[in-house]
Amino acid sequence: MKMKAFSVLDSLIQKLSCWISRSLVAISEDGKDAENDTSDEESKPLMEMSPSKENGQEKEMSKTLKSGKKVFELNNHSHNHLSTRRMMKRELVYVVVWLLACLYLTRVVESSDRCKAWLVQSIPTDMPELPRISGVLSTGDVFQWLANNSTRSLDIIAQNWQLLANPKDPRSGDFGYSDSELQRFGANLGALVYKSIDNAANRNVSIRLLSHSGVYPEYTKEPSDLAYGRSNVKNVTLLLSKWWGSGIVHAKVWISDDRDVYIGSANNDWKSLTQVKEVGIYLSGCSRMAREIKTYFNNLWRLASLDTLTHTRSVSDQQWLINRTVPCWSHFVSKKARCRSPLPSYIETPNVSPGYPSLSDPEMFKVDIETLPRNRSCPEPQPSYLSFAPPELLFGKHQSDEQGWIDTIKSVVEGGTVRINTMDWLGQSQYTNPKVYWSSFSSAVSEVVFSKNAKVKILVAYWGHFIEATDGYLRSLLYSNVLCSSSSSVLNKCFGQVEIRYYMVLGFNKTGPAVINGTKTGNSYPAYTRVNHGKYAVSDVRAHIGTSNLVWDYFFVTSGVSFGTYNTKIVLKLQEIFDADWNSPYVVPVQ
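Below you can see the structure in the form of structure tokens.
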């Protein structure tokens with residue numbers, strides 16, 4: 001209720017601000033004759049906005065305020081020329097300004113700024129020919145800001161932790177690299193992020209750390225060390241395989257003071273900051289969205305404390321034609337056997353079966369997001385949304401992550417372009433037995449190629465742990481081009497096209513420990529690095545930034561979070577990031 005009230009208050013403040021601007025223009029026009037008789041001293045403005053070099057609208061606002069400055073000057077000369085109507089308007093503006101100030105003082109307790117957004121990247125070292133995009137922030141910097149600026153709370157979801165390099169442990173993928181090499185790799189940035197979290201803990205910030213069991217050999221050592229001996233730091237390991245038979249905590253989310261958020265592909269690993277290509281979004285002052293994401297965090301946190309033996313069921317899944325384990329409140333469980341969910345309620349779409357209902361009208365946030373270059377005019381807030389996986393963790397009217405991705409693909413305009421970036425692409429499951437065939441993404445791509453004559457560009461990682469089955473699925477998707485051209489007739493031509501490229505980060509085939517059993521390996525970079533790890537899609541009108549690879553498991557048994565928006569500047573900036581990668585010398589076409 002409180003969150004909704006603040007949202008209404010934000011909207012009212014924005015509308016009042018716009019109304020005042022328009023009123024000032026009207027009053028300045030009414031008082032034009034009176035101004036002709038005033039002196040130079042009287043013409044000094046009470047308030048003047050600094051014009052932005054990048055935004056002509058601020059200059060116009062400055063001119064408006066200058067031309068209307070006499071409204072606020074109390075002098076006998078002006079009073080002799082102002083009509084009663086103009087004086088009433090002036091007094092009305094005073095009242096509205098006072099009301100606006102009162103509303104703002106109430107709102108400033110919650111947030112001093114409106115929502116701001118920046119795209120975030122990690123760019124591996126030794127990629128000199130990849131253009132840098134202006135206005136895009138560094139992942140390592142954003143992580144430090146979130147921790148260093150936290151005053152009350154800091155919640156972090158990560159798949160794995162290794163912010164501190166481990167070159168002395170023979171079991172580590174960092175083993176054998178010298179201090180100078182680690183410095184060149186940028187490993188110190190991970191140490192700075194770790195220190196920023198440690199400092200937040202020392203400031204008595206309430207910290208919750210939630211992750212998968214981690215990776216060999218560190219596992220959960222770092223979050224455990226941060227929590228050790230501190231009552232204000234809680235660390236939880238959540239094994240989703242106990243709930244769904246397979247799957248992991250794969251979301252990567254930071255929430256600071258319930259108002260600042262990071263969502264993206266970067267793990268809490270020093271290599272994710274300087275040796276892996278990552279993409280995310282940093283939202284500042286976005287209290288409403290932060291609280292919604294925190295609800296998802298709380299759902300995962302709650303799972304960690306529940307008994308899986310009493311809260312899971314084995315089902316014969318008729319949608320995917322396999323037997324599997326699901327939470328007892330899942331819609332894959334028959335109504336008679338279904339339990340009451342211990343999590344916040346989910347608003348269902350009726351008459352959709354089997355399995356979890358697909359939302360046709362998911363919740364959209366009407367959020368005023370400020371981007372660079374700044375625009376201080378009075379725009380209509382553009383819709384944004386959140387999506388989550390797996391479906392059993394949905395709440396409110398939020399859509400499933402699968403739908404968020406697919407709706408973004410289908411949002412492409414007639415003859416437009418949709419860009420898709422992922423590490424993995426499979427038309428099946430990866431970890432279930434038996435395998436699940438999954439055509440959702442390939443079908444969506446083919447549909448827009450045929451029905452919208454769209455161009456679809458897909459960028460997939462090719463690296464040291466490439467999934468061999470990927471190539472076959474991508475080549476089958478390219479067959480849509482053949483079908484499109486062969487189905488054309490004189491009256492109904494198909495001009496759509498699919499184009500796919502592999503992203504090969506320089507050095508992808510030379511990763512691993514520098515030394516094994518006393519022998520130099522010839523590797524140039526630590527293990528599990530030199531890969532395009534971002535997960536996002538962007539059409540002409542909509543951007544979707546997530547944490548999931550495009551494989552069945554990531555949408556139905558694995559935790560994932562995405563942010564999507566129709567904000568034009570975010571859409572264009574994300575297109576820039578994609579195009580820089582797409583046109584770089586580090587990609588090769590799939591044919």
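Going by the UniProt record's numbering, the letters in the sequence shown line up with residues 1 to 591, in that order.
We put the beta carbon where it would ideally sit given N, CA and C, even for glycine.
Because the structure is a prediction, the values reported are computed rather than measured.
Considering only residues of the same chain and omitting the five flanking positions on each side of residue i, which have a CB-CB separation below 7 angstroms?
i, result
"V571", "V538, V541, R542, A543"
"Y502", "V460, Y462, V587, V588, V590"
"N481", "Q497, V498"
"G507", "D126, S524, Y525, R530"
"I322", "T432, P434, V436"
"W145", "none"
For residue i, write down the residues that DSSP places opposite it in a beta bridge.
i, result
"R501", "L459, P589"
"F370", "At residue 370 the sequence reads Glu, which differs from the Phe that was named. DSSP lists K116 as partners of E370."
"P381", "None; P381 has no bridge partner."
"F388", "S400, V561"
"K234", "R208"
"P327", "T312"
"R419", "K457, V538"
"T511", "Y525"
"L273", "Per DSSP, none; premise fails for L273."
"D155", "R208, I255"
"Q162", "D269"
"W425", "L550"
"D317", "I322"
Can you tell me the Cα-Cα spacing of residue i and residue j, whole angstroms?
i, j, result
"V215", "D169", "14 angstroms"
"E181", "A266", "22 angstroms"
"K294", "L239", "19 angstroms"
"E380", "N523", "53 angstroms"
"T568", "I369", "10 angstroms"
"G546", "Y536", "6 angstroms"
"P354", "W552", "Reliability fails at P354, whose pLDDT of 45 lies under 50, so the model's placement of it is uncertain and the value that follows must be treated cautiously. Each residue's Cα considered, the two are about 17 angstroms apart."
"P217", "P124", "23 angstroms"
"D40", "R114", "Annotation note: pLDDT 45 at D40 (below 50); position unreliable, no value reported."
"G464", "S272", "16 angstroms"
"G186", "A165", "10 angstroms"
"S153", "D198", "13 angstroms"
"W243", "L393", "11 angstroms"
"W118", "L303", "32 angstroms"
"T558", "L550", "12 angstroms"
"T312", "D155", "27 angstroms"
"Y194", "L163", "6 angstroms"
"S429", "F555", "10 angstroms"
"Y346", "S172", "43 angstroms"
"A290", "S256", "8 angstroms"
"G512", "V315", "41 angstroms"
"D174", "F466", "20 angstroms"
"D471", "K336", "43 angstroms"
"P344", "R338", "16 angstroms"
On a Cα-Cα basis, can you pick out the residue from the options that is closest to residue i?
i, options, result
"G285", "D269, L273, E278, D260", "D260"
"P128", "N509, L119, V193, V505", "V505"
"Q575", "S341, S213, I458, A200", "I458"
"P585", "T125, P131, V120", "P131"
"T220", "N235, G229, I207, R208", "N235"
"S446", "E468, S485, T422", "S485"
"T151", "A200, D141, A187", "A200"
"S211", "L321, I157, P391, M423", "I157"
"V515", "P526, Y431, F555", "P526"
"S213", "R203, D257, S224", "S224"
"E363", "Q403, C328, P327, A337", "Q403"
"Q275", "Y528, F555, A580, W582", "Y528"
"L189", "F175, R171, S138", "S138"
"L386", "V253, L309, K271, S316", "V253"
"D317", "P327, H311, L309", "P327"
"M423", "G396, C494, P391, L474", "L474"
"T519", "L343, Y177, K366", "Y177"
"D269", "L209, T470, A191, I263", "A191"
"T308", "T325, Q319, N298", "T325"
Whose C-beta lies closer than 6 angstroms to the C-beta of residue i among residues of the same chain, with five residues either side of it excluded?
i, result
"G415", "N453"
"A227", "V233, N235"
"S43", "For S43, the predicted model reports a pLDDT of 36, less than 50, meaning its position is unreliable and no value from the coordinates is stated."
"R230", "A201"
"V136", "L119, Q121"
Looking only at its own chain, which residues have a Cβ that is under 8 angstroms from the Cβ of residue i, when we skip the five neighbours before and after it?
i, result
"V448", "I409, K410, V412, V418, A454, V456, G496"
"W582", "R419, K457, L459, R501"
"R340", "W329"
If residue i and residue j are in contact, beta carbons under 8 angstroms, what's the gap, nearest whole angstrom?
i, j, result
"N148", "S196", "5 angstroms"
"Y566", "Q382", "5 angstroms"
"L300", "V249", "7 angstroms"
"G534", "V279", "3 angstroms"
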